[in-house]
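Trainee: Note that our numbering has the sequence shown beginning at 479, numbered continuously upward. In this text, a Cβ means the ideal position worked out from N, Cα and C, and glycines have one as well.
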Amino acid sequence: MSGAGKSPSANRLHGAQSRPAGGDVAQFLAEILGRVPSSDEFLNPSRHLSAALRLADAEARLESVYRHYAEAQFQSRNAELDHMQDHLDDLLYFAKSPEIKAEVRLRILRLERASKFYSNQAKRLAGRYLREAQSARDRALGDYLDIVEAGSSN
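#1: Taking the alpha helix (DSSP H) that S542 falls in, what are its first and last residues?
#2: Quick one: residues in its chain with C-beta nearer than 6 angstroms to the C-beta of A538, no 5 flanking neighbours on either side, listed in chain order?
#3: Roughly how many angstroms separate the alpha carbons of A614 and Y622, rounded to a whole number?
#4: Within 10 angstroms of the Cβ of V514, are there 16 or more other Cβ atoms? Answer buried if so, exposed if not.
#5: Do A618 and A508 have their C-beta atoms closer together than 9 angstroms?
#6: Could you spell out where the alpha helix (DSSP H) holding Q563 opens and where it closes?
#7: Specify the secondary structure class of A580 as computed by DSSP and reduced to three states.
#8: Flag this pair as touching only if the segment 574–590 and the segment 521–535 have three or more C-beta atom pairs under 8 angstroms; answer yes or no.
Structure follows, in structure tokens:
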């Protein structure tokens with residue numbers, strides 16, 4: 479689905495798909511290169527620096543996505559639906575009519591299933607984001623190693 483009809487802010491990525499913090503990328507870049515590159519190097523970056531920067535970005539994204547994935551594994555229910563269920567529990571407690579109580583119980587059971595479904599859906603989505611981030615990191619690492627190997631054979 480395209481972003482048509484949505485607010486401009488809805489088109490921005492968030493959570494596991496957001497851009498990593500610049501400090502995280504800089505830290506990974508320094509670890510990959512073994513030094514902190516000068517600002518002049520970024521004005522006209524070499525193939526080696528460009529590949530290292532892509533790898534640092536991929537590593538930072540992978541770390542962020544992995545944190546999101548790990549957090550999602552401990553969620554067994556959807557918090558928003560649980561909040562709705564709390565209101566239904568209150569209604570069940572205060573309702574006088576047996577018909578209303580029966581309907582509330584039925585809706586609580588439906589919410590229970592929906593809560594678990596959406597929680598599992600979030601886990602699957604987090605797993606997909608993790609696989610995508612791992613794949614992007616593997617491609618960036620392969621490109622970086624190819625450039626390093628080509629540079630060392632010259």
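Mentor: The short version:
#1: Within the sequence shown, residue 542 is the residue found at index 64, counting from 1. Residues R525 to A550.
#2: Start at 1 with the first residue of the sequence shown, and residue 538 comes out as number 60. Cβ neighbours of A538 beyond the five flanking positions: P498, D502, V503 and F506.
#3: Counting from 1 along the sequence shown, the entry for residue 614 is found at position 136. Counting from 1 along the sequence shown, the entry for residue 622 is found at position 144. Taking the straight line from one Cα to the other gives about 12 angstroms.
#4: For the purposes of this step, residue 514 is identified with residue 36 of the sequence shown, where counting begins at 1. It counts as exposed.
#5: Position 140 of the sequence shown, counted from the first residue, corresponds to residue 618. Position 30 of the sequence shown, counted from the first residue, corresponds to residue 508. Their beta carbons are not under 9 angstroms apart, which means A618 does not touch A508 by this criterion.
#6: What you label residue 563 is simply residue 85 of the sequence shown in a count that begins at 1. Per DSSP, Q563 is one residue of the alpha helix (DSSP H) stretching across A557 to F572.
#7: Taking the first residue of the sequence shown as 1, we reach residue 580 at position 102. Of the three classes helix, strand and coil, the one that applies to A580 here is helix, per DSSP.
#8: No, they do not touch.
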